[in-house]
Amino acid sequence: MNIQLKSERVYVDSVEEAIEICYQRGWTDGLPVVPPTEALVTQALQYLKRDPSESIGVIPPKNSPATVERIVINSIMGGCLPNYIPVVIAAVEAMLEKPFNLNGVQATTHCVCPLAIVSGPIVRQLGFNSEDGVFGGGSRANAAVGRAIRLIMWNIGGAHPGEIDRATLGHPGKYAYCIAENADGNPWEPIHVEKGLKPEDNAVTMFGCEAPHHLHTGSGTPEQTLDNIADAMSTIGNNNFLVGGEILVVMCPRAANSIAHAGWSRGEVKEYIHQNAVVTVARARKRAPHMDAATDAPHWTKFVEVADADAVVHVARRPEDINLVVAGGWGAAGSFCAVCPSWGYLGGLAQTKPIQMPS
Amino acid sequence: MATKSTSTRIVLLDPLSEADLPTTNPAQRIADPNGKAIGFLFNGHNAGALLFQSTIEKMTKRFSFSSVVNRVKANLGAPSTPETIGELASTCDTVVLGVGA
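Going line by line, the protein sequences match chains A and B. Basically the working numbering = 1-based index in the first sequence + 1371. Basically the working numbering = 1-based index in the second sequence + 2.
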């Protein structure tokens, strides 16, 4: 395959100089990167068998085209092997879907960061970690795909903190944020099946969210576990309470299997959390004492009677607004779960795309 | 200092991409707003609601507009819909946008 590359070539004399020039030219967000040599990029393009000039779409806010060539360059910098790059391409496709509102996600004052959730047989095939430490380090696939996505948003999208990226506090996931679903430990259907794909498909679901809030959900009844999760969601500072939208619940296999063994379906779990993750109007007034004023009314006042102190605001407005993923290790004597609030209805809504591997 | 020949150097590829932006011609500022049609497009952020409302009141009191169109974005974090932009562009001589983040 004769590959014509369009990117500018930069010549250096040593590996040390290559690493430093990536910093000097602003090609990295602070972490060292794998120097994107022409040899590595060409090798990856030969594996993909795609036209390097093909554009997957424009990445906001700079609205620069994410060509296959540029995606490969940034993926190499993140440490991707060639066979990880189709995952990265699917992630970019998902983030460019309109409901994701990547422009807003890149620019907002909120800390929202796209989380990549990989599912399907590819998790095991490529060595993604879906077990112990799933949100942390230790897996090249998780780290490299997560880094590649961030570098694409940095270099092609141009979202830099303090400039167009106005996130007030930021998010550690803005270095890398990628997990995989634990298929063996999941008693229900995979997330990509819930989103409309087939069980045998490989997929990545992109969801804009905060960092995981870790919960010790113990070893009690399903209701006790789910009440723990609902309680953690029911805070007046939770962005989903304020502006609705979707939220992510991650259950370790122990919690999920205990609940499923007691006869609960995935839908029943979501319904229970929806019903019980609530904030009363009385509590809400602590955050928004002027909620009755037309000019200071939070989003949820469109749906709830603010004159009734006992009326409740559902943090997840509908059960289907809860994205449920089984991931992590089995857990110890007690189970652990996590809640990741989001940017609400404003953007970052879960988008799932199939991963197309080269033939 | 002698440099190595190109063939022995490491070749890196630039990961940046430049936007291919179309050239635009901004609309001309109107010299006198009196007798003109004005649009107000509020982004919907409640933190800026009082300021924006006050701006509308002061401007409509100070100037004699031929018509006033008030619109609010459905999603304060996303661009306005093509329909809203089209309506304002076709019915207004000028539009005030704002506010809050």
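Glycine included, each C-beta is placed from N, C-alpha and C at the ideal position. Just so it is clear, the structure is predicted and the values come from calculations on it, not from any experiment.
Which residue from the options puts its Cα closest to that of residue i?
i        : options                                : result
K1433(A) : A1462(A), G1699(A), E1468(A), G1529(A) : G1529(A)
A1601(A) : Q1646(A), S1636(A), T1576(A), E1565(A) : Q1646(A)
P1423(A) : P1407(A), Q1414(A), M1622(A), R1441(A) : R1441(A)
R1396(A) : S92(B), P35(B), L14(B)                 : L14(B)
A1415(A) : I1374(A), R1511(A), I1392(A), E1617(A) : I1374(A)
R64(B)   : P35(B), V101(B), D16(B), T26(B)        : P35(B)
I1535(A) : A1680(A), F1499(A), V1476(A)           : V1476(A)
C1623(A) : A1538(A), W1525(A), P1570(A), L1586(A) : L1586(A)
N72(B)   : S92(B), L18(B), V98(B)                 : V98(B)
P1690(A) : G1615(A), T1479(A), H1481(A)           : G1615(A)
A49(B)   : L18(B), L78(B), L90(B)                 : L78(B)
E1581(A) : V1710(A), R1511(A), E1379(A)           : V1710(A)
I1523(A) : A1655(A), L1720(A), I1430(A), S1636(A) : I1430(A)
R1521(A) : I1392(A), T1588(A), G1450(A), R1495(A) : G1450(A)
I1693(A) : T1672(A), Y1716(A), G1509(A), V1677(A) : Y1716(A)
L1452(A) : R1511(A), T1438(A), C1482(A), G1401(A) : R1511(A)
A1687(A) : V1696(A), K1377(A), W1671(A)           : W1671(A)
S1713(A) : P1407(A), M1604(A), Y1643(A)           : M1604(A)
L1772(A) : S1636(A), S1730(A), L1540(A), A1678(A) : Given that chain A is displayed from residue 1372 to residue 1730, the structure contains no residue 1772(A) and the question cannot be resolved.
D1598(A) : G1634(A), E1642(A), P1558(A)           : E1642(A)
H1632(A) : I1392(A), N1445(A), G1556(A), L1720(A) : G1556(A)
R1366(A) : A1627(A), A1514(A), E1565(A), T1606(A) : Residue 1366(A) cannot be examined here, being either before or after the span of chain A that is shown, 1372 to 1730.
G1544(A) : L1720(A), V1458(A), S1730(A), L1402(A) : L1402(A)
A1519(A) : G1507(A), P1558(A), A1680(A), I1447(A) : I1447(A)
A76(B)   : S1435(A), G1718(A), A1478(A), S1378(A) : G1718(A)
V101(B)  : T83(B), L18(B), V74(B), N45(B)         : N45(B)
K1558(A) : H1531(A), H1584(A), A1627(A), I1527(A) : Residue identity differs from the one stated: residue 1558(A) is Pro in this sequence, not Lys. Of H1531(A), H1584(A), A1627(A), I1527(A), the residue nearest in Cα terms is A1627(A).
P1570(A) : D1400(A), P1532(A), I1726(A)           : I1726(A)
V1459(A) : N1474(A), L1473(A), E1617(A), V1439(A) : V1439(A)
Sorted by chain position, which residues of the same chain lie with C-beta nearer than 6 Å to residue i's C-beta, five sequence neighbours on each side aside?
i        : result
S1490(A) : E1552, P1561, I1562, H1563, A1574
R1625(A) : W1701, G1702, S1706
Q1722(A) : A1465, E1468, F1471, M1577
A1698(A) : S1501, V1505, I1550, E1552, N1553, V1621
D95(B)   : I32, K38, A39
Y1548(A) : C1484, L1486, G1517
L1613(A) : P1669
T5(B)    : With a pLDDT of 45 at T5(B), under the threshold of 50, the modelled position of that residue is not reliable, and no figure is offered here.
A91(B)   : none
M3(B)    : Confidence at M3(B) is low in this model, with a pLDDT of 40, below 50, so its placement is unreliable and no value can be given for it.
I87(B)   : none
D16(B)   : none
K1377(A) : none
D1503(A) : G1700
G41(B)   : V71, L90, C94, V97
With a CB to CB cut of under 8 Å and the five nearest residues on each side skipped, what residues in its chain are close to residue i?
i        : result
V1683(A) : V1649, V1650, T1651, V1652, V1675
V1443(A) : V1412, A1415, L1416, L1419, P1423, I1456
V1386(A) : P1406
Give me whichever residues DSSP pairs with residue i in a beta bridge.
i        : result
V1505(A) : In DSSP, V1505(A) forms no bridge with anything.
T1438(A) : S1426(A)
T1408(A) : L14(B)
V1649(A) : H1685(A)
K1724(A) : V1575(A)
R1656(A) : According to DSSP, R1656(A) bridges with nothing at all.
N1694(A) : L1619(A)
H1584(A) : V1710(A)
D1382(A) : It is Tyr, not Asp, that sits at residue 1382(A) in the sequence shown. V13(B), per the DSSP bridge assignment.
G1589(A) : S1706(A)
P1532(A) : D1536(A)
T96(B)   : I40(B)
Near residue i, what residues of its chain come up, given a Cβ to Cβ distance below 7 Å and the 5 sequence neighbours on each side ignored?
i        : result
I1630(A) : P1593, T1596, V1640
K1724(A) : A1461, E1464, A1465, A1574, V1575
E20(B)   : none
A1320(A) : Residue 1320(A) lies beyond the stretch modelled for chain A, which goes from 1372 to 1730, so this question has no answer here.
I1390(A) : P1403, P1406
T26(B)   : none
N1609(A) : V1686, P1712
S66(B)   : N36, G37
Contact set between the segment 67-79 of chain B and chain A, restricted to residues whose Cβ is under 8 Å from the partner = Flagged, chain order: N77, L78, G79.
Which of the residues in the segment 5-35 of chain B, read from start to end, lie with their CB under 9 Å from any CB of chain A?
-> Listed by position along the chain: T5, K6, T8, T10, R11, I12, V13, L14, L15, D16, P17, L18, S19, E20, A21, D22, L23.
4 or more residues per run - each alpha helix (DSSP H) lying fully within the segment 5-92 of chain B | Counting only runs of 4 or more residues that sit fully inside the segment 5-92 of chain B, the alpha helix (DSSP H) segments are 51-64, in chain order.
Within 7 Å of chain B by C-beta, residues of the segment 1396-1420 of chain A in sequence order = Considering only beta carbons, the part of the segment 1396-1420 of chain A lying closer than 7 Å to chain B consists of W1398, P1406, P1407, T1408, E1409, V1412, in chain order.
Identify every run of the beta strand (DSSP E) within the segment 1536-1561 of chain A, keeping only runs that are complete inside it and at least 3 residues long; order them along the chain.
-> 1549-1551, all fully within the segment 1536-1561 of chain A.
According to a CB-to-CB cut-off of less than 7 Å, which residues of the segment 33-63 of chain B neighbour chain A?
-> Cβ contacts with chain A come from N48, A51, L52, Q55.
Give the residues from the segment 1453-1465 of chain A that approach chain B closer than 9 Å (Cβ to any Cβ), ordered along the chain.
-> Residues passing the 9 Å Cβ filter: none.
Against chain B: residues of the segment 1378-1389 of chain A by CB proximity under 9 Å = Under the 9 Å Cβ criterion, the segment 1378-1389 of chain A contributes S1378, E1379, R1380, V1381, Y1382, V1383, D1384, S1385, V1386, E1388, A1389.
Where are the alpha helix (DSSP H) runs, 4 residues long or more, that stay fully inside the segment 1476-1525 of chain A, in chain order?
-> With a minimum length of 4 residues, the continuous alpha helix (DSSP H) runs that stay inside the segment 1476-1525 of chain A are 1493-1497, 1511-1522.
Using a beta-carbon distance cut-off of less than 7 Å, what residues from the segment 1481-1495 of chain A approach chain B?
-> Look at the segment 1481-1495 of chain A: it has no residue with a C-beta under 7 Å from a C-beta of chain B.
Could you name the residues of the segment 1518-1537 of chain A whose beta carbon sits closer than 8 Å to any beta carbon of chain B, in the order they occur along the chain?
-> Listed by position, the residues of the segment 1518-1537 of chain A near chain B (Cβ gap below 8 Å) are L1522, N1526, I1527, R1537.
For the segment 1578-1601 of chain A, which residues have a CB atom closer than 9 Å to at least one CB atom of chain B, in sequence order?
-> Against chain B - using a Cβ distance shorter than 9 Å - the segment 1578-1601 of chain A contributes no residues.
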